[in-house]
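Okay, structure first, notes after.
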Amino acid sequence: MERFFLYDDTVDTKTRFVSFVGKNERFDLAIVQTDRFYGKVLVLDLQSNRYAIIGSDDLQESGYIEHVYNLNEEDANELRSFLHEIVV
208 MERFFLYDDT VDTKTRFVSF VGKNERFDLA IVQTDRFYGK VLVLDLQSNR
258 YAIIGSDDLQ ESGYIEHVYN LNEEDANELR SFLHEIVV
(Lines of atoms letter the chains of each structure in order from A; the text may use other names.)
(Lines give C-alpha, C1' and ligand atoms only; values in the text may rest on other atoms or scores of the structure.)
Protein backbone atom coordinates (compact mmCIF):
# COMPACT_ATOMS: atom_id res chain seq x y z
CA MET A 208 0.00 0.00 0.00
CA GLU A 209 1.37 3.38 -0.98
CA ARG A 210 1.17 6.11 1.67
CA PHE A 211 -0.18 9.48 0.54
CA PHE A 212 1.21 12.36 2.63
CA LEU A 213 -0.65 15.63 2.89
CA TYR A 214 2.59 17.09 4.24
CA ASP A 215 5.81 15.87 5.83
CA ASP A 216 7.78 18.86 7.08
CA THR A 217 10.54 19.37 9.60
CA VAL A 218 10.59 22.81 11.21
CA ASP A 219 12.67 24.54 13.87
CA THR A 220 10.78 25.22 17.09
CA LYS A 221 11.34 27.02 20.34
CA THR A 222 9.92 25.01 23.24
CA ARG A 223 9.47 26.32 26.77
CA PHE A 224 8.65 24.01 29.66
CA VAL A 225 7.01 25.77 32.58
CA SER A 226 5.36 24.60 35.78
CA PHE A 227 3.41 26.77 38.19
CA VAL A 228 0.86 26.32 40.92
CA GLY A 229 -2.40 28.20 40.99
CA LYS A 230 -4.87 28.38 43.84
CA ASN A 231 -6.29 24.89 43.14
CA GLU A 232 -4.35 23.44 40.23
CA ARG A 233 -0.78 22.68 39.22
CA PHE A 234 0.05 23.47 35.60
CA ASP A 235 2.87 21.66 33.78
CA LEU A 236 3.04 23.08 30.29
CA ALA A 237 5.08 22.73 27.15
CA ILE A 238 4.77 25.79 24.94
CA VAL A 239 5.89 25.31 21.35
CA GLN A 240 6.54 28.31 19.11
CA THR A 241 7.00 27.91 15.38
CA ASP A 242 6.05 29.76 12.22
CA ARG A 243 3.76 26.83 11.42
CA PHE A 244 0.80 28.20 13.41
CA TYR A 245 0.61 31.74 11.99
CA GLY A 246 1.68 33.49 15.19
CA LYS A 247 -0.17 31.19 17.57
CA VAL A 248 1.53 28.81 20.02
CA LEU A 249 0.94 25.14 20.73
CA VAL A 250 0.23 24.77 24.46
CA LEU A 251 0.41 21.24 25.82
CA ASP A 252 -0.85 20.52 29.34
CA LEU A 253 1.38 17.63 30.38
CA GLN A 254 -0.81 16.73 33.38
CA SER A 255 -4.06 16.29 31.48
CA ASN A 256 -2.67 15.32 28.06
CA ARG A 257 -4.68 18.13 26.47
CA TYR A 258 -3.38 20.66 23.99
CA ALA A 259 -4.47 23.54 21.81
CA ILE A 260 -3.07 26.01 19.31
CA ILE A 261 -3.70 29.32 21.03
CA GLY A 262 -3.53 32.94 19.95
CA SER A 263 -4.70 36.13 21.60
CA ASP A 264 -8.07 35.80 19.86
CA ASP A 265 -8.59 32.40 21.51
CA LEU A 266 -7.87 33.85 24.95
CA GLN A 267 -10.66 36.36 24.41
CA GLU A 268 -13.20 33.69 23.46
CA SER A 269 -15.53 32.99 26.36
CA GLY A 270 -15.29 29.44 27.68
CA TYR A 271 -12.54 28.36 25.26
CA ILE A 272 -9.80 27.65 27.82
CA GLU A 273 -12.33 25.98 30.12
CA HIS A 274 -13.42 23.67 27.31
CA VAL A 275 -10.03 22.83 25.81
CA TYR A 276 -8.28 22.07 29.08
CA ASN A 277 -11.38 20.83 30.97
CA LEU A 278 -10.98 23.42 33.74
CA ASN A 279 -13.40 25.25 35.99
CA GLU A 280 -13.66 29.01 35.53
CA GLU A 281 -11.27 29.91 38.37
CA ASP A 282 -8.49 27.57 37.19
CA ALA A 283 -9.04 28.59 33.57
CA ASN A 284 -8.63 32.25 34.54
CA GLU A 285 -5.27 31.47 36.17
CA LEU A 286 -4.09 29.67 33.05
CA ARG A 287 -5.49 32.40 30.80
CA SER A 288 -3.66 35.05 32.84
CA PHE A 289 -0.36 33.21 32.33
CA LEU A 290 -1.00 32.65 28.63
CA HIS A 291 -1.69 36.38 28.13
CA GLU A 292 1.96 36.93 29.14
CA ILE A 293 3.35 34.65 26.44
CA VAL A 294 0.86 34.88 23.57
CA VAL A 295 1.45 37.86 21.34
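If you're matching positions, the sequence shown starts at 208 in our numbering and goes up one per residue. For each residue, glycine too, the CB sits at the ideal point set by N, CA and C.
Within its own chain, the residues whose Cβ lies closer than 7 angstroms to the Cβ of Asp282, once the five positions on either side in sequence are excluded, are Gly229, Asn231 and Glu232, listed in chain order. By the Cβ test, the segment 208 to 217 is not in contact with the segment 252 to 265, since fewer than three Cβ pairs between them sit closer than 8 angstroms.
In this structure, the alpha-carbon of Asn277 lies about 25 angstroms from that of Arg243. For Val225, the closest of Tyr271, Val239, Gly246 and Thr217 by C-alpha to C-alpha distance is Val239. Non-local beta-carbon contacts of Leu249 in its own chain, meaning distances under 7 angstroms to residues more than five positions away in sequence, involve Val239, Tyr258 and Ile260 in chain order.
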